[in-house]
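All remarks here apply to the structure that follows.
Protein chains: 2
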Amino acid sequence: MNLPLAMQAVHLNQGRVSVRTMPLPARPAGYALLRVLCAGICSTDLELQRGYYGFAGVPGHEFVGEVVESDTPAWHGKRVAGEINFACHSCSWCRSELERHCPNRTVLGIVNQPGAFAEFVLVPESNLHEVPGEISTEQAVFIEPLAAACEILDQVTIEPKTPVAVLGDGKLGLLIAQALHAHGLHVVQYGRHADKLEISKGQGIETNTSSDRPRKEFPYVVDATGSAEGLKEAVAMCRPRGTVILKSTVHGEVPIDTAPVIVDELTLVGSRCGRFAPAIALLASGRIRADSLIAGEFALSEAPAAFQKAAEKGTLKILLKP
Amino acid sequence: MNLPLAMQAVHLNQGRVSVRTMPLPARPAGYALLRVLCAGICSTDLELQRGYYGFAGVPGHEFVGEVVESDTPAWHGKRVAGEINFACHSCSWCRSELERHCPNRTVLGIVNQPGAFAEFVLVPESNLHEVPGEISTEQAVFIEPLAAACEILDQVTIEPKTPVAVLGDGKLGLLIAQALHAHGLHVVQYGRHADKLEISKGQGIETNTSSDRPRKEFPYVVDATGSAEGLKEAVAMCRPRGTVILKSTVHGEVPIDTAPVIVDELTLVGSRCGRFAPAIALLASGRIRADSLIAGEFALSEAPAAFQKAAEKGTLKILLKP
Numbered sequence: 036m037n038l039p040l041a042m043q044a045v046h047l048n049q050g051r052v053s054v055r056t057m058p059l060p061a062r063p064a065g066y067a068l069l070r071v072l073c074a075g076i077c078s079t080d081l082e083l084q085r086g087y088y089g090f091a092g093v094p095g096h097e098f099v100g101e102v103v104e105s106d107t108p109a110w111h112g113k114r115v116a117g118e119i120n121f122a123c124h125s126c127s128w129c130r131s132e133l134e135r136h137c138p139n140r141t142v143l144g145i146v147n148q149p150g151a152f153a154e155f156v157l158v159p160e161s162n163l164h165e166v167p168g169e170i171s172t173e174q175a176v177f178i179e180p181l182a183a184a185c186e187i188l189d190q191v192t193i194e195p196k197t198p199v200a201v202l203g204d205g206k207l208g209l210l211i212a213q214a215l216h217a218h219g220l221h222v223v224q225y226g227r228h229a230d231k232l233e234i235s236k237g238q239g240i241e242t243n244t245s246s247d248r249p250r251k252e253f254p255y256v257v258d259a260t261g262s263a264e265g266l267k268e269a270v271a272m273c274r275p276r277g278t279v280i281l282k283s284t285v286h287g288e289v290p291i292d293t294a295p296v297i298v299d300e301l302t303l304v305g306s307r308c309g310r311f312a313p314a315i316a317l318l319a320s321g322r323i324r325a326d327s328l329i330a331g332e333f334a335l336s337e338a339p340a341a342f343q344k345a346a347e348k349g350t351l352k353i354l355l356k357p
Numbered sequence: 036m037n038l039p040l041a042m043q044a045v046h047l048n049q050g051r052v053s054v055r056t057m058p059l060p061a062r063p064a065g066y067a068l069l070r071v072l073c074a075g076i077c078s079t080d081l082e083l084q085r086g087y088y089g090f091a092g093v094p095g096h097e098f099v100g101e102v103v104e105s106d107t108p109a110w111h112g113k114r115v116a117g118e119i120n121f122a123c124h125s126c127s128w129c130r131s132e133l134e135r136h137c138p139n140r141t142v143l144g145i146v147n148q149p150g151a152f153a154e155f156v157l158v159p160e161s162n163l164h165e166v167p168g169e170i171s172t173e174q175a176v177f178i179e180p181l182a183a184a185c186e187i188l189d190q191v192t193i194e195p196k197t198p199v200a201v202l203g204d205g206k207l208g209l210l211i212a213q214a215l216h217a218h219g220l221h222v223v224q225y226g227r228h229a230d231k232l233e234i235s236k237g238q239g240i241e242t243n244t245s246s247d248r249p250r251k252e253f254p255y256v257v258d259a260t261g262s263a264e265g266l267k268e269a270v271a272m273c274r275p276r277g278t279v280i281l282k283s284t285v286h287g288e289v290p291i292d293t294a295p296v297i298v299d300e301l302t303l304v305g306s307r308c309g310r311f312a313p314a315i316a317l318l319a320s321g322r323i324r325a326d327s328l329i330a331g332e333f334a335l336s337e338a339p340a341a342f343q344k345a346a347e348k349g350t351l352k353i354l355l356k357p
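Chains as they are written, first to last, in this note's numbering: chain V, 36 to 357; chain Y, 36 to 357.
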């Protein structure tokens, strides 16, 4: 493949989304250059747009690409997903296989690393995962958020058939409900949107739109509401000695009544990115209906319209295709 | 022993502390009647005085007594401490040996159960623990709060020599620091009062009064500040994948920035009462200097003055003796 000298890429700065021509990035040793096949707009991207983390640059961290240049010839031409935390591989975190917490890390499209809303993107070879043929390119965009959903099961050991309440019916809530259901847990998903909960229902997941919710009942509650009230509600629904998993990134301070946390001795677990391997295996198994979460597809050149659509209340996953 | 028909008892109502003459309580089957030898005023008692939980009645839950009547003759004359959660012994919590979380429980001197700031008190026989001769009556008053300190070690498995930051140098903070230190952990206690931290220092515990504290450093941080800011500070000092233990009961809502909890995947564990057996063993071992926490001793009849003294900023443990 003859590589071009320049590429199109999305640029975010102070709320403005533009598509720019940029030089093709120079590939450092250890990195692979990927041609982006498809990418997804995540809530984090919308937060970057709103100016959180003082971000300015190329966003995008959910993507599938094809390797066009790499040190290891075997990667050439492979369809891949890439883990988004680029670690130093020399600190104590990295040596403990917790590269995702490496204090020296950059994060693709989020922290000091140009992202995947572009025709080409750089990713360290050690972060690459081949996408198996059973997974379509569109579905494979969900590997990264599904890995974040599966992270819960890496952090907390939950016995099969255990009741788990999932709060929220947005993109992440829907993936979490499906992932936990696929792992044999008894998921009850609570949300306000009957149409979105239909996606979970179609997978055999119990859903509930009532605002009159059981108190102190569930041994595990996942807050994926994305709202400041979600944590309070999750705590109220959790039974004594139970565990609340925090998946909602909310900006600013969230009010929490610590009295029930202490009196009922609850455990609260913050949960972020996860390993890609379990997510890839789960998608390949056909037990996750990621395609049902796709709400629209835009060309990379239409990124401003794509961001606008993604920001509309209730929109599920918007894909970008270079 | 010929029992009197009436007794003196402390009564709390809407902030007013009074000493009243009350009928001796009638002993139900399964309960022991104890003559109170000594009791301690806890921060919770001061909160009850301030009207939290809408409490009105006889407070007191840290105490040592002598059994004067019981179904089991072997208890007669024994010096005892009593676990404060009176459980139903028939629900699923009780069957799982988590009587402290029994939803039908009453709580001595706190919830629907007259407390120990009285000449006599009723306690179920199954809640009694004999106080070994090595433990003085004054020290034995600390069994209940020390059990709350030891509860941390029942909830969280911490390897010996692991660094643990304890925030707060109040009564509970001092007991927690001593308990964790006695268990071989590397405790660093942070507080504002050099005089109180001297107690910990005397036990060989590392202390620190600086407000310039390490960020993201400790794998375990215990918040025993009793302040709304404590949780935020504990989260800031905890390293990625670390655990924050919540021991501060603060009323109303506490602001928390959930972003670092999620990004660093912290675990927050609420912690309340504990089993008495480990606390008794620890006191009997002589490795806890509970007596150094005693700030004063009052007769039961002087309870109003005792409460006033206990409420003064910086006062450690005030004892009441009938």
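Just so you know, even glycine gets a beta-carbon here, dropped at the ideal spot from N, CA and C.
Check	Outcome
Limits of the alpha helix (DSSP H) - the one that Val270(Y) falls within	Gly265 to Met272
Distance CB(Leu328(V))-CB(Lys344(V)) smaller than 7 Å	no
Thr164(Y) in three-state terms, based on DSSP	The sequence given here has His at residue 164(Y), not Thr. Strand at His164(Y).
Residue range of the alpha helix (DSSP H) that includes Pro295(Y)	Thr293 to Val298
Residue-chain proximity (Thr56(Y), chain V), Cβ-Cβ < 7 Å	no
Beta-carbon proximity of Val202(Y) to Tyr225(Y), cut-off 7 Å	Sequence inspection shows Leu at residue 202(Y); the Val mentioned does not correspond to that position. Yes, these two residues count as a Cβ contact at 7 Å.
Within chain V, the residues that Leu281(Y) reaches when beta carbons sit closer than 8 Å	Thr293, Val296 and Ile297
Short-range partners of chain V found in the stretch 256-274 of chain Y, where Cβ spacing is below 7 Å	Leu266
Residue closest to Thr242(V), alpha-carbon to alpha-carbon, out of Cys77(V), Asn139(V), Phe253(V) and Ala229(V)	Ala229(V)
Below-7 Å beta-carbon distance, Pro249(V) vs any chain Y residue	no
Terminal residues of the alpha helix (DSSP H) in which Phe342(V) lies	Ala338 to Ala346
Ordered list of alpha helix (DSSP H) runs contained in the stretch 205-273 of chain Y, each at least 4 residues	206-217, 229-236 and 265-272
Bridge partners - Thr11(V), DSSP secondary structure assignment	The question about residue 11(V) has no answer, for chain V in this structure spans 36 to 357.
Cutoff 7 Å: His136(V) Cβ touching any chain A Cβ	The chain labelled as chain A is not found among the protein chains of the depicted structure, namely V and Y.
Three-state class that DSSP yields for Thr172(Y) in the structure shown	helix
Nearest neighbour of Val146(Y), chosen from Ala271(Y), Ile76(Y) and His96(Y) [CA to CA]	His96(Y)
Contact set for Asp204(V): own chain, Cβ-Cβ below 6 Å, skip 5 residues either direction	Gly226, His228, Lys231 and Leu232
Cβ-based contacts, 8 Å cut-off: residues of the stretch 190-202 of chain Y near chain V	Gln190
Backbone secondary structure at Gly89(Y) - three-state DSSP	helix
Residues of the stretch 78-94 of chain V whose Cβ lies closer than 7 Å to any Cβ of chain Y, in chain order	none
Interface residues of chain Y facing Ser127(V) [CB-CB closer than 7 Å]	Residues of chain Y passing the Cβ test: none, with the nearest at roughly 10 Å.
Near-chain Y residues of the stretch 303-326 of chain V - C-beta to any C-beta below 7 Å	Leu303, Val304, Gly305, Ser306 and Arg307
Cβ distance (whole Å) where Ala358(V) is taken to contact Ala184(V) below 8 Å	Because residue 358(V) is not part of the residues shown, which for chain V are 36 to 357, the question remains open.
Beta-bridge partners of Val146(V), as assigned by DSSP	Val142(V)
Residue burial classification, Asn48(Y) (beta-carbon count within 10 angstroms, cutoff 16)	exposed
Residue closest to Gly112(Y), alpha-carbon to alpha-carbon, out of Ala338(Y), Val304(Y) and Val166(Y)	Val166(Y)
Short CB-CB distance (under 7 Å) between Val45(Y) and chain V	no
Pro290(V) at chain Y interface by Cβ criterion, 7 Å	yes
Coarse secondary structure for Leu47(V), derived from DSSP in three states	strand
Among Ile178(V), Leu72(V) and Ile291(V), nearest to Val156(V) - alpha-carbon criterion	Leu72(V)
Between the CA atoms of Thr172(Y) and Leu68(Y) - distance to the nearest angstrom	18 Å
Continuous beta strand (DSSP E) stretch holding Cys308(Y): start and end	First-last for Cys308(Y): undefined, no H or E at that position.
Glu82(Y) to Val176(Y) span [Cα, whole Å]	19 Å
CB contact check: Glu132(Y) to chain V, cutoff 7 Å	no
Same chain, Cβ closer than 7 Å to Trp110(V), neighbours up to 5 away in sequence not counted	Ala67, Val102, Glu160 and Leu163
Contacts of Val285(V) in chain Y (Cβ-Cβ under 7 Å)	Thr293
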